[in-house]
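Asks: Below: one structure in structure tokens.
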Amino acid sequence: MGEAGEEESAAAPAEVSRQAELDEQRCLAEALDAISSLVSASLSETLFPLKWQLIRDRLNRLHAGLADITVPAGDENGEDRCDVFANLLRDVAAAAREARELVPRSQGRHYGGGKLRLRSDLDVLSAALDAHVARLDEVYASGALTRARALVVPRPGAGATRDDVRFYVRDLFARLRVGGAEMRREAAAALSEALRDDEKCVRVVASDVEDGVGVLVALLECPDARVHEEALEAVSVIAGSDAHRGDLVVGGAIAPVVRVLDAGAGSEAAKETAARVLCKLTENSDNAWAVAAHGGVTALLDLCTDHGASGGDVVCAACRVLRSLAGVDEIRKYMVADAGAVPVLVSLSQRATDDAARIQAMELLAAIGSGDSSAREAVVQEGAVESLVRALDPSCQQMPSSSSSSSSSSSKVREVALRAIDALCLSPPTSTDRLLAGGFLDRVLSLLRNGDTTLQHCALKAAHRLCQVSEEIKKAMGDAGFMPELVGVLGASKSPEAREMAAESLCALVSVHRNRKRFVQEDRDVARVLQLLGPDEEKPTPAKRFLLATVMHLTDSSSGRRKIMSSEHVRNLEKLAETDVPDAKRIVKRLGGSRLRSIFHGIWSL
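Numbering that gives the first Met the number 0 applies: residue 0 is where the sequence shown begins, and numbers increase by one.
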């Protein structure tokens with residue numbers, strides 16, 4: 000008797016559990032049937048089609064979620080699960096049945112209060128369905144139910160409304176918040192792709208999703224590498240938006256992004272993406288302080304040290320961030336005095352096999368050295384000037400992997416090196432002794448002779464600045480052979496700016512007696528200068544005025560005057576004098592006045 004009672008007692012809970020499961024299945028079937036019926040009926044609506052489309056999207060999501068239910072085996076909380084889930088099923092079925100009354104009104108047959116009332120009722124239905132979707136997500140998140148498959152709401156097509164996009168993005172964030180590992184990976188990948196492809200998604204994440212930016216920032220600390228990298232990519236897209244970049248800073252993105260840069264943390268792609276994010280954020284100098292405060296300077300310099308030999312995109316991105324940071328005086332001083340930035344960058348400019356990394360390092364050195372005299376001195380003392388001069392030698396160029404691009408990339412390195420030298424040593428003139436000792440004059444002269452148009456212009460600019468420094472440098476330039484090359488530029492260049500710089504530089508060089516004596520010995524150069532004085536323009540150009548000043552210097556010696564008077568182009572002086580050009584009249588007077596006129600007449604009568 001006792002054993003039979005025990006068996007009956009044990010069977011009772013099992014019977015109750017089976018009955019609960021049957022009730023749950025019945026409620027589930029009713030809910031699914033009510034949803035399907037409403038979706039089918041709503042296809043005949045004619046009023047407010049966009050609102051009905053949103054409602055159908057929510058209904059389809061509920062249907063997919065309910066149809067995909069799996070009950071965990073050995074569920075210890077089955078009774079609680081039944082209560083919560085059964086209540087949800089009843090509410091969903093009731094909402095779907097009540098919504099059927101809106102279908103005939105949306106077909107224009109029954110207004111029942113007019114379109115405004117119908118619009119309001121549709122909005123109420125949409126909000127109720129949103130609430131049911133959220134409840135279903137909560138049930139899944141509790142672990143009482145699981146999905147047999149990770150279903151994602153279909154992504155809206157091109158031209159979708161903001162409401163469509165909002166619904167899709169909110170669904171992705173729900174999965175990021177409560178989904179399992181694989182679901183979160185898929186949602187993170189879908190979100191980053193949507194952000195890249197559709198600017199509306201960026202606005203929705205920043206404005207319409209509750210703490211959307213905060214969720215992404217939190218995912219930057221996610222141990223799952225795939226979720227972490229997709230979240231970082233999403234943050235990078237938002238950082239590219241001028242309107243919403245500040246939301247990342249407010250959301251605390253800077254600290255976790257800086258941590259991505261730390262050695263050993265994250266892949267190369269993740270580090271490059273993190274650097275790109277910081278580059279965008281530090282366009283605002285206020286954010287530069289936050290990056291520095293979280294150890295950004297050290298992390299970026301370590302990146303340049305660890306990857307300096309290979310260079311690559313990650314180093315280039317790091318240098319761009321450091322350049323933004325160097326724009327803040329106090330941070331630049333810290334970089335130079337405490338962080339050891341200068342030796343790292345000098346080394347990078349020398350040993351990186353990637354031209355792009357060398358260029359970034361040179362530009363950053365120039366930016367740091369241009370800040371103040373102490374920073375410039377630190378850059379110079381670390382050997383940056385000698386390193387930049389060596390970069391001008393084509394034989395010292397690091398060769399890229401593609402031989403077809405080696406010439407253009409090496410040319411770019413030399414161009415940037417010249418500009419960096421100009422910033423560090425010539426504007427204003429400092430450390431010129433280091434330049435000369437390093438063979439700078441020979442490098443510049445070679446570029447004037449053999450460089451492409453851009454390199455020739457940069458070299459000409461450097462020569463022009465050097466001519467203004469001292470008489471000793473002018474002598475050295477004369478000895479090196481600059482004067483014939485400047486005459487060649489005057490004859491070949493079509494750029495008024497280049498012609499003016501060449502003429503002014505030549506004038507400065509021949510103002511030195513030793514150079515003037517050397518120049519007069521070359522009949523061809525004197526004749527070429529006189530030829531360039533020909534009446535090509537009604538009014539003398541700046542270049543021509545400097546050429547007249549050059550000829551004036553040549554008349555200081557008897558040999559110079561003889562060379563001028565014996566040239567077939569001397570008539571150009573007379574023509575300029577006849578048009579009342581003051582310098583030409585003074586030159587003619589110095590050459591001998593009426594005696595010269597008789598020579599002119601004798602030449603013209605031939």
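Ideal placement from N, C-alpha and C gives every residue a C-beta, glycine not left out.
Given residue 215, which residues of its chain have a CB within under 6 Å of its CB, disregarding the five upstream and five downstream residues?
Replies: If the five residues before and after residue 215 are omitted, its C-beta is found closer than 6 Å to the C-beta atoms of 230, 233, 234, all from its own chain and listed in chain order.
Asks: Looking at the structure shown, is residue 541 part of a helix, part of a strand, or coil, going by DSSP?
Replies: helix
Asks: Out of 548, 213, 544, 553, which has the shortest C-alpha to C-alpha gap to residue 525?
Replies: 553
Asks: Can you tell me whether residue 222 is helix, strand or coil according to DSSP?
Replies: coil
Asks: Counting along the chain, where does the alpha helix (DSSP H) carrying residue 449 start and finish?
Replies: 439-449
Asks: Tell me whether the stretch 420-428 and the stretch 461-477 touch, counting them as touching only if at least three CB pairs, one residue from each stretch, are closer than 8 Å.
Replies: Yes, since at least three Cβ pairs between the stretch 420-428 and the stretch 461-477 fall closer than 8 Å, the two stretches touch.
Asks: Which whole-angstrom value is the C-beta distance of residue 348 and residue 386, which I expect to be below 8 Å?
Replies: 6 Å
Asks: Under three-state DSSP, which class holds residue 428?
Replies: It is a strand residue.
Asks: Could you check where the alpha helix (DSSP H) with residue 208 kicks off and where it finishes?
Replies: Premise fails: residue 208 is in no alpha helix (DSSP H) and is neither H nor E.
Asks: State the CB to CB distance for the pair residue 203 and residue 212, rounded to an integer number of angstroms; the pair is presumed to be in contact (CB under 8 Å).
Replies: Their Cβ separation, rounded to whole angstroms, is 11 Å, which puts residue 203 and residue 212 out of contact at 8 Å.
Asks: Rounded to the nearest angstrom, what separates residue 301 and residue 501 at their Cα positions?
Replies: 44 Å
Asks: Any idea what DSSP makes of residue 243, helix, strand or coil?
Replies: Coil at residue 243, not helix or strand.
Asks: By the 10 Å Cβ neighbour count, where 16 or more other Cβ atoms means buried, how is residue 414 classified, buried or exposed?
Replies: buried
Asks: Hey, residue 344 and residue 320: beta-carbon distance below 8 Å or not?
Replies: No. Outside cutoff.
Asks: Beta-carbon separation of residue 582 and residue 532 under 8 Å?
Replies: No, the Cβ-Cβ distance between residue 582 and residue 532 is not below 8 Å.
Asks: Using only the alpha-carbon positions, how far apart do residue 153 and residue 84 sit?
Replies: 25 Å
Asks: What first and last residue would you give for the alpha helix (DSSP H) that runs through residue 454?
Replies: Taken as a continuous stretch (DSSP letters only), the alpha helix (DSSP H) holding residue 454 covers 452-465.
Asks: Just verifying my parser: in three-state terms, what is the DSSP assignment at residue 489?
Replies: In the structure shown, the three-state DSSP call for residue 489 is helix.
Asks: For the putative contact between residue 218 and residue 248, defined by C-beta atoms under 8 Å, what is the C-beta separation to the nearest angstrom?
Replies: With 8 Å as the limit, residue 218 and residue 248 do not qualify as a contact, their Cβ atoms being about 17 Å apart.
Asks: Where do the ends of the alpha helix (DSSP H) carrying residue 362 lie?
Replies: 354-368
Asks: Helix, strand or coil, according to DSSP, for residue 252 in the structure here?
Replies: Residue state, collapsed to three classes: coil.
Asks: Report all residues from its chain with a CB closer than 7 Å to the CB of residue 75; omit the five preceding and five following residues, and keep chain order.
Replies: Below a pLDDT of 50, predicted positions are generally treated as unreliable, and residue 75, at 49, falls in that range; the measurement from the model is reported next regardless. Here the set comprises nothing.
Asks: Just to confirm, are residue 505 and residue 485 a CB contact at a threshold of 8 Å?
Replies: yes
Asks: Taking all protein chains shown into account, decide if residue 44 is buried (16 or more other Cβ within 10 angstroms of its Cβ) or exposed.
Replies: buried
Asks: Between the Cα of residue 170 and the Cα atoms of 493, 184, 132, which residue gives the shortest distance?
Replies: Per the C-alpha coordinates, the member of 493, 184, 132 positioned closest to residue 170 is 132.
Asks: Taking its Cβ as the centre, do 16 or more other Cβ atoms sit within 10 Å of residue 618, making it buried, or is it exposed?
Replies: Look at the range of the chain in this structure, 0 to 605, and you will see that residue 618 is not part of it.
Asks: Since residue 388 and residue 438 are thought to touch, with beta carbons under 8 Å apart, how far apart are those beta carbons, to the nearest angstrom?
Replies: Contact holds; Cβ gap of about 6 Å.
Asks: Could I get the ranges of all uninterrupted alpha helix (DSSP H) runs contained in the stretch 276-321, with 4 residues as the minimum, in chain order?
Replies: 284-292, 295-305
Asks: Is DSSP giving residue 169 helix, strand or coil here?
Replies: helix
Asks: With C-beta atoms as the reference, is residue 367 less than 8 Å away from residue 418?
Replies: no
Asks: Do residue 412 and residue 358 have their beta-carbon atoms positioned less than 8 Å apart in this structure?
Replies: yes
Asks: Do residue 291 and residue 260 come within 8 Å of each other at the CB atom, strictly closer than that value?
Replies: Not in contact: residue 260 and residue 291 (Cβ atoms no closer than 8 Å).
Asks: By Cβ distance below 7 Å, which residues in the same chain neighbour residue 37 in space, the five residues on each side in sequence not counted?
Replies: Leaving aside the five residues that flank residue 37 on each side, the residues in its chain whose CB is nearer than 7 Å to its CB run, in chain order, 58, 95, 98, 99.
Asks: Using a Cβ-Cβ cutoff of less than 7 Å, which residues in the same chain neighbour residue 120 once the five nearest sequence positions on both sides are dropped?
Replies: 101
Asks: For residue 86, does the count of other Cβ atoms within 10 angstroms reach 16, so buried, or fall short, so exposed?
Replies: Classified as exposed, residue 86 has fewer than 16 neighbouring CB atoms from the shown chains inside 10 Å of its CB.
Asks: What does a CB cutoff of less than 8 Å around residue 125 pick up in its chain, not counting 5 residues either side in sequence?
Replies: Same-chain partners within the cutoff: 50, 53, 54, 57.
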